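As structure tokens, the structure follows; a few thoughts come after it.
Protein chains: 2
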Amino acid sequence: MITKKTKYAFKALIHLAGTPSGHPVLIADLAESENIPKKFLEFILLSLRKGGLLNSRVGKGGGYSLALPADKISVGSIIRILEGDFAPVQCLSTTNRTRCEECKDEETCGIRLTMADVHAVLTTTLGNLTLADMIERSEQARKKLRNVVDYCI
Amino acid sequence: MITKKTKYAFKALIHLAGTPSGHPVLIADLAESENIPKKFLEFILLSLRKGGLLNSRVGKGGGYSLALPADKISVGSIIRILEGDFAPVQCLSTTNRTRCEECKDEETCGIRLTMADVHAVLTTTLGNLTLADMIERSEQARKKLRNVVDYCI
DNA sequence: TTAACGTCTATAAAGTCTATAGACTAACCC
DNA sequence: GGGTTAGTCTATAGACTTTATAGACGTTAA
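Line by line, the protein sequences give chains A and B.
Taking this note's numbering, the leading residue of the first sequence gets 579, the next gets one more, and so forth.
Taking this note's numbering, the leading residue of the second sequence gets 579, the next gets one more, and so forth.
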């Protein structure tokens, strides 16, 4: 289950993707329009910037904007920045890899060997989905709904 | 990331799968041989029993045993019993489905629409992997290691 | 009827997630 | 260069979840 922090990040990124580039968005504006606690959002945006997904400009006329086009920002990279990783078990993590404390033999651990499959599938799926997909799917759903409404009228 | 509770469950189930059927295993023995806090394990085994994966017998000569053959126990069902679900977002949960608090429009939510893919992939993967797979992979890894060792000698 | 064994409720300890406060630094504009 | 705008950073508090323990109770076999 992804955390609220990550969901806030998705919302913020989707919002930023929808604003013309070169027009940085203020934390305060983003917080208000997406209903995210401002101070919490500050921290989230900072993480995303450090992760290379956002650019920021300090001072008047400053704010945040995407560092990459939306179709180059994978859902996986967003999750990795905010949750650290999405490995099902610690010993499979690519970023924080450590032993699973109490796993006697990592090499023959059935849990690990099985979860490796899950991890691989997740990595592929989350790596292929992008911010642009998120936006596109949302728009298509909106369009579909509108058509249904039109049809009803 | 699966919790310790679920990992303990995997270990316990693997252990139970390795004992001849009709021979119930004591919580205390299981706790000791798998290095799991006994009282915590009690609760885990109880959950697994209520989830239909284990049989138990109370009283002298009692204990726990698998309620199904190992190849009929999916990894997904184990996780579902202990973690409630593996949906990436609340609104996609099959067991505890509720709105995502603050999601204005579920039907056009890009996060939900995208995560639905992830959920589907996870459901398939975790549904196809079984306790028997876990055991088999562990054994194969052990065999492989032994061969390498033999070869070295 | 007694010893073996699982069941259940309550609760404590530790860790993580969510949120907030406030001081600080950088950039812009006059 | 001084005021204003805006992001940066550190610390910390509250709520919730995970992990673990204690103890009383119910059930079964011999």
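We put the beta carbon where it would ideally sit given N, CA and C, even for glycine.
Treat the numbers as computed from the prediction; the structure is a model and nothing was measured.
- A direct Cα-Cα distance of roughly 7 Å separates B:Thr703 from A:Val696.
- B:Val636 carries a coil assignment under DSSP once its states are collapsed to helix, strand and coil.
- Take B:Thr597, set aside five residues on each side of it, and the residues of its chain with a beta-carbon closer than 8 Å to its own are Val603, Ser643, in chain order.
- Listed in chain order, the non-local C-beta contacts of B:Gly662 below 8 Å within the same chain comprise Ser671, Thr673, Asn674, local neighbours out to five positions each way being set aside.
- Closest option to A:Lys638, judged by alpha-carbon separation, among A:His601, A:Leu594, A:Gly688: A:His601.
- Against chain A, the CB of B:Pro602 has no partner CB under 7 Å away; the residue lies outside that interface.
- With contacts defined by Cβ atoms closer than 7 Å, B:Ser652 and B:Thr708 form a contacting pair.
- A residue is called buried when at least 16 other Cβ atoms come within 10 angstroms of its Cβ; B:Phe664 meets this threshold and is buried.
- Residue contact check for A:Val696 against chain B: a CB pair falls below 7 Å.
- In the three-state DSSP reduction, B:Ser671 falls in the coil class, being neither helix nor strand.
- Listed along chain A, the residues sitting closer than 7 Å to B:Gly688 by beta-carbon distance are Ile592, Met712, Ile713, Arg715, Ser716.
- At a Cβ-Cβ threshold of 7 Å, B:Ala587 and B:Ile614 do not count as neighbours.
- Every alpha helix (DSSP H) stretch that sits fully inside the stretch 674-713 of chain B and reaches 4 residues is listed by chain position as 688-706.
- Burial state of A:Gly654 is buried, judged by a 10 Å Cβ sphere holding 16 or more other Cβ atoms.
- At a cut-off of 7 Å, the C-beta of A:Ala719 has a neighbouring C-beta in chain B.
- C-alpha of A:Leu591 to C-alpha of A:Leu631: approximately 9 Å in a straight line.
- As for any alpha helix (DSSP H) of minimum length 4 sitting wholly inside the stretch 593-629 of chain B, the runs are 605-612, 616-628, ordered along the chain.
- Separation of the CB atoms of B:Arg635 and B:Cys669 is rounded to 41 Å, and the pair is thereby denied contact status at 8 Å.
- Only residues of its own chain outside the window of five on either side were considered, and among them Ile659 have a CB closer than 6 Å to the CB of B:Gly629, listed in chain order.
- If you draw a straight line from the Cα of B:Cys687 to the Cα of A:Gln718, it is about 11 Å long.
- DSSP, read as helix, strand or coil, puts A:Leu646 in coil.
- Sorting B:Ala595, B:Ile605, B:Phe618, B:Ser599 by C-alpha distance to the C-alpha of B:Lys582 places B:Phe618 at the top.
- Taking C-beta separations shorter than 7 Å and ignoring five residues to either side along the sequence, the partners of A:Ala648 in its chain run Ala595, Thr708, Leu709, Ala710, Ile713, following chain order.
- Around the beta carbon of A:Ser716, a 10 Å sphere encloses 16 or more other beta carbons of the protein chains shown; the residue is thus reported as buried.
- Judged by DSSP secondary structure, A:Ile657 falls within the alpha helix (DSSP H) whose first and last residues are 653-661.
- Ranked by Cα distance from A:Cys681, the options B:Ile656, B:Asn633, B:Lys616, B:Ser611 are led by B:Ser611.
- No Cβ-Cβ contact shorter than 7 Å links B:Val667 with A:Val699.
- Within chain A, the residues placing a beta-carbon under 7 Å from that of B:Leu707 are Thr692, Asp695, ordered along the chain.
- Sequence-distant Cβ neighbours of B:Ile657 in its own chain, meaning closer than 7 Å and more than five residues away, are Ile580, Thr584, Phe664, Leu704.
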